[in-house]
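Please read the structure below before turning to the comments.
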Amino acid sequence: MKLFLDTASIDEIRQMWALGILDGVTTNPSLVAKEGRKFEDVIREICALGVPSVSAEVVATTVDAMVAEGRHLRQIHPSVYVKIPMIPAGLTATKILAGEGTRVNMTLVFSANQAILAAKVGAAYVSPFIGRLDDQGEDGMKLIADIVQIYRNYHVKTEVLVASVRHPIHVLDAAKLGADIATMPFAVMQKMALHPLTDIGLAKFLADWQKVPKG
Ligand code: G3P
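Heads up, the sequence shown is in my numbering, so the first residue is 38 and it goes up one at a time.
Right, here's the structure in full:
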C-alpha cells in the first residue's frame, strides 16, 4: 500500500521524504489555509522535492470553473493530481479533465455508489473519508471494504485512496483490505514507526554491548 501524507506543511513532508517512506501528498483547502502561504507556491514546493503524486484541490463548484481550475493546476507540475469534489458538477468536470489526460482525485466521497460513479467518469483516485464517517457513528472502514470489493469485481483501475485517517489502526485495516493508498496526518505516520519494545530492546542491546570485551 502506498503511504501519503495529508498535509500542506513543507517541513512535515521534508521529514518523511527524507526517511524514504513517502509515496505522495494530499492537500485540501483547510490544510493549505493552516500554512498561511500562497496555494500555488506550496504545491510547487512539494513537487520540487520530487514527491511523485501531489493532490491539489479546486475550489470552484461549477463544471466550467472546475475544468478551468483543474487545467491550471495540472500545469503547475507533472506530479499534480487535481482534486475534484464528488458533486454532480464534479462528475462532469472529472469526465472532461480525465478525457484530456489529467489525473483526478475525486474527494469528499462518503458512499460506495459515489465511488462507482467516480470510477465511471475516469477518476485516477477515489478518496473516501473514513474518519468523518466514524465521527458520526458510521463504520468508515466498511465503506473501504465495499469499494475495494466492487472495484475488484469489475477490474476497475481507479485507486482507492483512504482519507480522513485518524490513527494507525486505520492504516493497518486499510492495508488488510487491500486499499491502494492511505493518506494520513504526520503524527499518524510517525506512530507507525514506533513501538516501546523496540526502544527497550535497543537500549538493552547497547547496554549489553558495553560488556563485550573490546580490542
Ligand atoms: O484531505 C482529506 C481528508 O484526509 C481530511 O481528513 O481529518 O479533515 O477528516 P479530516
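Beta carbons are placed, not taken as given, at the ideal position from N, Cα and C, and that holds for glycine. As the structure is a prediction and not an experimental result, all values here were calculated from the model.
Suppose the cutoff is 6 angstroms on Cβ atoms and the five residues either side in sequence are ignored; what does the same chain contact list for residue i look like?
| i | result |
| --- | --- |
| residue 171 | 177 |
| residue 89 | 116 |
| residue 228 | 205 |
| residue 180 | 165 |
| residue 84 | 91, 114 and 116 |
Leaving aside the five residues before and after residue i along the sequence, list all residues of the same chain whose C-beta is less than 8 angstroms from its C-beta, in chain order.
| i | result |
| --- | --- |
| residue 223 | 42, 44, 46, 49, 52 and 53 |
| residue 240 | none |
Flag this pair as yes or no: are the beta carbons of residue i and residue j separated by less than 8 angstroms?
| i | j | result |
| --- | --- | --- |
| residue 212 | residue 38 | yes |
| residue 107 | residue 129 | no |
| residue 149 | residue 101 | no |
| residue 93 | residue 110 | yes |
| residue 225 | residue 208 | yes |
| residue 98 | residue 55 | no |
| residue 119 | residue 91 | no |
| residue 96 | residue 134 | no |
| residue 187 | residue 237 | no |
| residue 168 | residue 202 | yes |
| residue 2 | residue 40 | Residue 2 cannot be examined here, being either before or after the span of the chain that is shown, 38 to 252. |
| residue 185 | residue 136 | no |
Beta-carbon within less than 7 angstroms of residue i's beta-carbon, same chain only, minus the 5 sequence neighbours each way: which residues are those?
| i | result |
| --- | --- |
| residue 196 | 161, 162, 217 and 218 |
| residue 122 | 144 and 145 |
| residue 77 | 113 |
| residue 173 | none |
| residue 81 | 113 and 114 |
| residue 72 | 45, 46 and 79 |
| residue 66 | 94 and 96 |
Under the DSSP definition of a beta bridge, which residues are partnered with residue i?
| i | result |
| --- | --- |
| residue 92 | 63 and 118 |
| residue 100 | DSSP lists no partner for residue 100. |
| residue 223 | Beta-bridge pairing links residue 223 to no other residue. |
| residue 43 | 63 |
| residue 193 | Answer by DSSP bridge pairing: none, since residue 193 is not bridged. |
| residue 233 | Looking at the DSSP assignment, residue 233 forms no beta bridge with any residue, so it has no partner. |
| residue 142 | 120 and 162 |
| residue 218 | 39 and 198 |
For a test of your reading of the model: does the CB of residue i fall under 7 angstroms from any non-hydrogen atom of the ligand FAD? Yes or no.
| i | result |
| --- | --- |
| residue 194 | Only the ligand G3P can be found as ligands here, which leaves the ligand FAD out of the picture. |
Residues proximal to the ligand G3P by C-beta, any heavy atom closer than 6 angstroms: Residues flagged by the Cβ proximity filter: 43, 63, 65, 166, 168, 169, 200, 201 and 220.
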